[in-house]
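Enquirer: Questions regarding the structure given below will be posed in turn.
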Amino acid sequence: MITLSGVTKSFGSNHVLRGVDLTVGKGRSMVVIGGSGTGKSILIKCILGLVTPDGGSITVDGRDVTRVPRDAFLARFGMLFQGGALFDSLPVWQNVAFRLLRGELARPWAEAKSIAIEKLARVGLGAEVAERLPAELSGGMQKRVGLARAICADPEIIFFDEPTTGLDPIMAGVINDLIRQIVTEMGATAITITHDMTSVRAIADDVAMIHGGKIRWTGPASEMDASSDPYVDQFIHGRAEGPIETLR
Amino acid sequence: MIRLLAALGALVLGGLASIGRLAIFTGQTVSHIVRPPFYPRELGAALLQIGYFSLPVVGLTAFFTGGALALQIYSGGARFSAEAVVPQIVAIGMVRELGPVLVGLMIAARVTSSIAAEIATMKVTEQIDALVTLSTNPMKYLTMPRVLAATLVMPLLVAVGDIIGIFGGYMVATYRLDFTSVTYLKNTVDFLEWLDILSSLTKGAAFGFIAALMGCYFGMHSDRGAMGVGRATKSSVVAAAVLILAANFILTEAFFSS
Ligand SMILES: Nc1ncnc2c1ncn2[C@@H]1O[C@H](COP(=O)(O)OP(=O)(O)OP(=O)(O)O)[C@@H](O)[C@H]1O
Ligand SMILES: [Mg+2]
């Protein structure tokens with residue numbers, strides 16, 4: 001279980017998070033929605049400790065994330081970065097199997113490679129891309145390699161930052177199914193950030209909407225349409241008119 | 001007046017803060033040399049990149065400098081009929097000073113810049129964050145192998161530079177000037193002392209350490225965006241070059257002042 005309470009983060013005068021309270025149950029799939037630039041990526045980076053919050057507390061399974069041993073803590077996580085963040089000096093399969101090639105989970109190369117190729121297949125990429133360099137792939141393909149890397153060591157907790165942006169609708173469907181499968185079959189806890197309402201409906205057990213540096217609304221996905229929150233309504237229907245300001 | 005003082009104070013404090021940050025960074029880097037896990041593949045790649053692929057530029061620099069040095073000493077020495085000292089001065093000049101300094105500066109240009117640009121780009125594209133989430137310490141995986149490789153391989157590069165520099169002087173002296181091959185070599189070998197060679201190699205190791213460390217430090221502390229990468233690269237080369245020259249003075253003082 002992941003619990004955030006009163007998390008704040010500012011960059012100079014830009015107060016991005018102004019007291020975020022959020023609970024993600026074990027084995028649940030939480031989807032975070034919210035406008036561009038509202039701090040969704042920063043939020044999950046705070047949980048991972050990549051960004052240090054200015055205030056508030058974050059616990060995972062009841063333990064404060066700043067007090068646990070870093071390596072053991074991070075070994076339970078998988079993360080897909082919004083920009084892919086692939087290592088451009090390593091071929092695709094070594095990116096995917098990065099964790100399996102060094103450190104505590106290290107295994108023989110041949111075994112690591114076959115696991116990498118299997119994970120690539122799960123995100124719809126053939127074995128022929130395994131030897132290529134990330135720079136030789138399209139944006140959507142890089143995103144899927146990033147996804148394969150995130151799930152490669154079968155983590156307990158996975159964060160997906162916009163997993164389906166830049167993908168065609170069919171491939172987006174495949175990825176949505178994959179994320180759903182990982183949560184239901186492997187019992188993983190997932191936090192997914194997305195703008196794509198089709199994804200939200202396909203992936204989410206719970207939904208949280210972030211606005212103005214706080215969680216505006218959170219609840220089960222089934223109650224999202226009947227939330228009667230004007231912010232949520234405007235967002236899920238993609239209306240230009242409503243309480244969320246759009247500069248024009 | 002007060003404002004001037006405040007600005008000056010801020011400048012001094014800023015300077016001290018960067019020195020502190022650099023010192024901590026250095027300490028962390030060195031501490032990783034003895035703490036597992038180790039990444040031998042990264043070390044091997046760095047050795048190849050920094051050492052082997054720098055050989056051509058080191059060779060060319062040293063050859064032309066040794067040749068020019070021989071010509072200058074000959075024409076300068078001729079004014080008080082001391083042309084015969086060419087081999088001795090070329091040897092001392094190359095081994096004690098020009099070899100290590102020129103190789104150090106070429107490495108600052110070639111290696112420091114590429115390390116800084118590579119690591120800064122990794123930082124800007126979140127690859128460093130990705131490393132952390134994959135339970136890999138960026139200091140251990142990126143910084144330590146490069147700094148260790150440069151420190152190990154630079155004495156060899158300097159040795160190569162010294163030899164090729166002396167060879168450049170020899171070529172000029174035997175073909176352009178009227179030295180015989182045997183006297184030139186004999187004078188060189190007789191004149192050089194072990195201390196000269198030791199100082200040369202020590203300088204090499206120190207300059208290698210500085211060059212790689214500066215690349216890593218400025219890369220890791222890069223600002224965002226392409227501008228950030230550019231700035232990190234520029235600062236790293238300037239800092240490496242200045243620190244190499246300063247360290248050279250200190251080491252020369254330490255080896256030869258008595
Ligand atoms: N390193 C940083 N330095 C300064 N400001 C930052 C930094 N990282 C993010 N920000 C600011 O924090 C805010 C939130 O950024 P974040 O990346 O979390 O947005 P987001 O909700 O993920 O948006 P998007 O949906 O477009 O990805 C933005 O206003 C951004 O300018
Ligand atoms: Mg984002």
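Those protein sequences? They're chains Z and V, same order as listed.
Going by the UniProt record's numbering, the first sequence opens with residue 1, and the numbers climb by one from there.
Going by the UniProt record's numbering, the second sequence opens with residue 1, and the numbers climb by one from there.
Every residue, glycine too, gets a C-beta built ideally from N, C-alpha and C.
Which residues, taken in chain order from the segment 100-130 of chain V, show a beta carbon closer than 7 Å to some beta carbon of chain Z?
Expert: The residues in question are 125, 126, 127, 129, 130.
Enquirer: How is the beta strand (DSSP E) around residue 160 of chain Z delimited, first residue to last?
Expert: Here residue 160 of chain Z is taken as the residue at index 160 of the first sequence, counted from 1. Taken as a continuous stretch (DSSP letters only), the beta strand (DSSP E) holding residue 160 of chain Z covers 157-161.
Enquirer: Take residue 237 of chain V and list the residues in its own chain whose beta-carbon comes closer than 6 Å to its own, dropping the five residues that flank it on each side.
Expert: Numbered from its first residue, the second sequence carries residue 237 of chain V at position 237. 108, 112, 113.
Enquirer: Beta-carbon separation of residue 98 of chain V and residue 241 of chain V under 8 Å?
Expert: In the second sequence, residue 98 of chain V corresponds to position 98, counting from 1. In the second sequence, residue 241 of chain V corresponds to position 241, counting from 1. Going by C-beta atoms, residue 98 of chain V is not nearer than 8 Å to residue 241 of chain V.
Enquirer: On a CA-only basis, which of Z:10, Z:44, Z:93, Z:229 is nearest residue 22 of chain Z? Give me that one, please.
Expert: The residue you call residue 22 of chain Z lines up with position 22 of the first sequence. With distances taken between Cα atoms, residue 22 of chain Z lies closest to Z:44.
Enquirer: Are the segment 130-139 of chain Z and the segment 76-92 of chain Z in contact at 8 Å, needing three or more beta carbon pairs?
Expert: The segment 130-139 of chain Z, when compared against the segment 76-92 of chain Z, does touch it at the 8 Å Cβ threshold.
Enquirer: Relative to ligand 1, is the shortest distance from any of its heavy atoms to the C-beta of residue 293 of chain Z smaller than 7 Å?
Expert: The structure shown does not extend to residue 293 of chain Z, since chain Z spans only 1 to 248, so no value can be given for it.
Enquirer: Name, in chain order, the residues that DSSP records as bridge partners for residue 210 of chain Z.
Expert: For the purposes of this step, residue 210 of chain Z is taken as the residue at position 210 of the first sequence. Z:215.
Enquirer: Confirm, please, whether the CB-CB distance from residue 150 of chain V to residue 228 of chain V is below 8 Å.
Expert: In the second sequence, counting from the first residue as 1, residue 228 of chain V sits at position 228. In the second sequence, counting from the first residue as 1, residue 150 of chain V sits at position 150. For residue 228 of chain V and residue 150 of chain V, no; Cβs fall outside 8 Å.
Enquirer: Put residue 48 of chain Z into one of helix, strand or coil per three-state DSSP.
Expert: Taking the first residue of the first sequence as position 1, residue 48 of chain Z is located at position 48. Three-state DSSP puts residue 48 of chain Z in a helix.
Enquirer: In chain order, what residues of the same chain lie with their CB nearer than 6 Å to the CB of residue 220 of chain Z, ignoring the 5 residues before and after it?
Expert: Here residue 220 of chain Z corresponds to residue number 220 of the first sequence, with the count starting at 1. The residues are 206.
Enquirer: Closer than 7 Å: is that where the CB of residue 193 of chain Z sits relative to any heavy atom of ligand 2?
Expert: Within the first sequence, residue 193 of chain Z is the residue found at index 193, counting from 1. For ligand 2, at least one heavy atom lies less than 7 Å from the Cβ of residue 193 of chain Z.
Enquirer: Is residue 40 of chain Z near ligand 4, in the sense that its beta carbon is under 7 Å from a heavy atom of that ligand?
Expert: Only ligand 1 and ligand 2 can be found as ligands here, which leaves ligand 4 out of the picture.
Enquirer: Using a Cβ-based criterion (distance less than 7 Å to any ligand heavy atom), does residue 11 of chain Z qualify as near ligand 1?
Expert: Mapped onto the first sequence, residue 11 of chain Z falls at position 11. For ligand 1, at least one heavy atom lies less than 7 Å from the Cβ of residue 11 of chain Z.
Enquirer: Check whether the Cβ of residue 228 of chain V sits closer than 7 Å to any heavy atom of ligand 1, and report yes or no.
Expert: As a first step, residue 228 of chain V is located in the second sequence; it is residue number 228 there, counting from the start. No, Cβ of residue 228 of chain V sits at least 7 Å from all heavy atoms of ligand 1.
Enquirer: Are three or more beta carbon pairs between the segment 51-62 of chain Z and the segment 5-17 of chain Z nearer than 8 Å?
Expert: Yes, the segment 51-62 of chain Z is in contact with the segment 5-17 of chain Z.
Enquirer: If you draw a straight line from the alpha carbon of residue 105 of chain Z to that of residue 99 of chain Z, how long is it in whole angstroms?
Expert: Indexing the first sequence from 1 puts residue 105 of chain Z at position 105. Indexing the first sequence from 1 puts residue 99 of chain Z at position 99. Rounded to the nearest angstrom, the two C-alpha atoms are 7 Å apart.
Enquirer: Output yes if chain V places a C-beta closer than 8 Å to the C-beta of residue 50 of chain Z; else output no.
Expert: Residue numbering aside, residue 50 of chain Z sits at position 50 when the first sequence is read from its first letter. Output row for residue 50 of chain Z: interface = yes.
Enquirer: DSSP three-state call for residue 244 of chain Z: helix, strand or coil?
Expert: Against the first sequence, residue 244 of chain Z aligns to sequence position 244. If DSSP states are grouped into helix, strand and coil, residue 244 of chain Z belongs with coil.
Enquirer: Out of Z:185, Z:1, Z:31, Z:16, point me to the one whose CA is closest to residue 199 of chain Z's CA.
Expert: Mapped onto the first sequence, residue 199 of chain Z falls at position 199. Measuring from the Cα of residue 199 of chain Z, the nearest candidate turns out to be Z:31.
Enquirer: Once you ignore the five residues that flank residue 29 of chain V on each side, which residues in its own chain have a CB closer than 8 Å to its CB?
Expert: Indexing the second sequence from 1 puts residue 29 of chain V at position 29. Closer than 8 Å at the Cβ level, and outside the excluded window around residue 29 of chain V, lie 139, 143, 144, 147, 213, 216.
Enquirer: Looking only at C-alpha atoms, which of Z:142, Z:67, Z:191 sits nearest to residue 157 of chain Z?
Expert: Locating residue 157 of chain Z in the first sequence gives position 157, counting from the first residue. Residue Z:191 is the option with its Cα nearest to residue 157 of chain Z.
Enquirer: Do residue 162 of chain V and residue 220 of chain V come within 8 Å of each other at the CB atom, strictly closer than that value?
Expert: Locating residue 220 of chain V in the second sequence gives position 220, counting from the first residue. Locating residue 162 of chain V in the second sequence gives position 162, counting from the first residue. Contact: no.
Enquirer: Nearest by alpha-carbon distance to residue 170 of chain V: which of V:155, V:186, V:159 is it?
Expert: As a working note, residue 170 of chain V is residue 170 in the second sequence. Taking only the C-alpha atoms, the option nearest residue 170 of chain V is V:186.
Enquirer: Taking CB distances under 8 Å as the criterion, tell me whether residue 158 of chain V reaches chain Z.
Expert: For the purposes of this step, residue 158 of chain V is taken as the residue at position 158 of the second sequence. Answer no: the Cβ-Cβ gap between residue 158 of chain V and chain Z never drops below 8 Å.
Enquirer: Establish whether the CB of residue 52 of chain V and some CB of chain Z are separated by less than 8 Å.
Expert: For this step, residue 52 of chain V is matched to residue 52 along the second sequence. So no, residue 52 of chain V is outside the interface.
Enquirer: Look up residue 54 of chain Z in the DSSP assignment and say whether it is helix, strand or coil.
Expert: In the first sequence, the residue the question calls residue 54 of chain Z occupies position 54. Reduced to three states, the DSSP call for residue 54 of chain Z is coil.
Enquirer: Can you determine whether any heavy atom of ligand 2 sits closer than 7 Å to the C-beta of residue 161 of chain Z, and answer yes or no?
Expert: Walking along the first sequence from the start, residue 161 of chain Z turns up at place 161. At least one heavy atom of ligand 2 is nearer than 7 Å to the Cβ of residue 161 of chain Z, so yes.
Enquirer: State the DSSP-derived secondary structure class of residue 199 of chain V, mapped to helix, strand or coil.
Expert: In the second sequence, counting from the first residue as 1, residue 199 of chain V sits at position 199. Of the three classes helix, strand and coil, the one that applies to residue 199 of chain V here is helix, per DSSP.
Enquirer: Anyone know if the C-beta pair for residue 155 of chain Z and residue 102 of chain Z falls short of 8 Å?
Expert: Within the first sequence, residue 155 of chain Z is the residue found at index 155, counting from 1. Within the first sequence, residue 102 of chain Z is the residue found at index 102, counting from 1. For residue 155 of chain Z and residue 102 of chain Z, no; Cβs fall outside 8 Å.
Enquirer: Apart from the five residues on each side of it in sequence, which residues of its chain come closer than 6 Å, Cβ to Cβ, to residue 78 of chain Z?
Expert: Position 78 of the first sequence, counted from the start, is the residue given in the question as residue 78 of chain Z. Same-chain partners within the cutoff: 150, 151, 155, 158.
Enquirer: Which residues, in chain order, does the segment 36-50 of chain V contribute to contact with chain Z at a C-beta distance below 7 Å?
Expert: Of all residues in the segment 36-50 of chain V, 37, 39 have a Cβ within less than 7 Å of some Cβ in chain Z.
Enquirer: State yes or no: is the beta carbon of residue 31 of chain V nearer than 8 Å to at least one beta carbon in chain Z?
Expert: Counted from its first residue, the second sequence places residue 31 of chain V at position 31. Output row for residue 31 of chain V: interface = no.
Enquirer: Measure from the C-beta of residue 132 of chain V to each C-beta in chain Z and report whether the shortest distance is under 8 Å.
Expert: If you number the second sequence from 1, residue 132 of chain V lands on position 132. So yes, residue 132 of chain V belongs to the interface.
Enquirer: DSSP beta-bridge partners for residue 12 of chain Z?
Expert: Against the first sequence, residue 12 of chain Z aligns to sequence position 12. According to DSSP, residue 12 of chain Z bridges with nothing at all.
Enquirer: Does DSSP put residue 19 of chain Z in a helix, in a strand, or in coil?
Expert: Your numbering for residue 19 of chain Z matches position 19 in the first sequence. In this structure, residue 19 of chain Z counts as strand in the three-state DSSP scheme.
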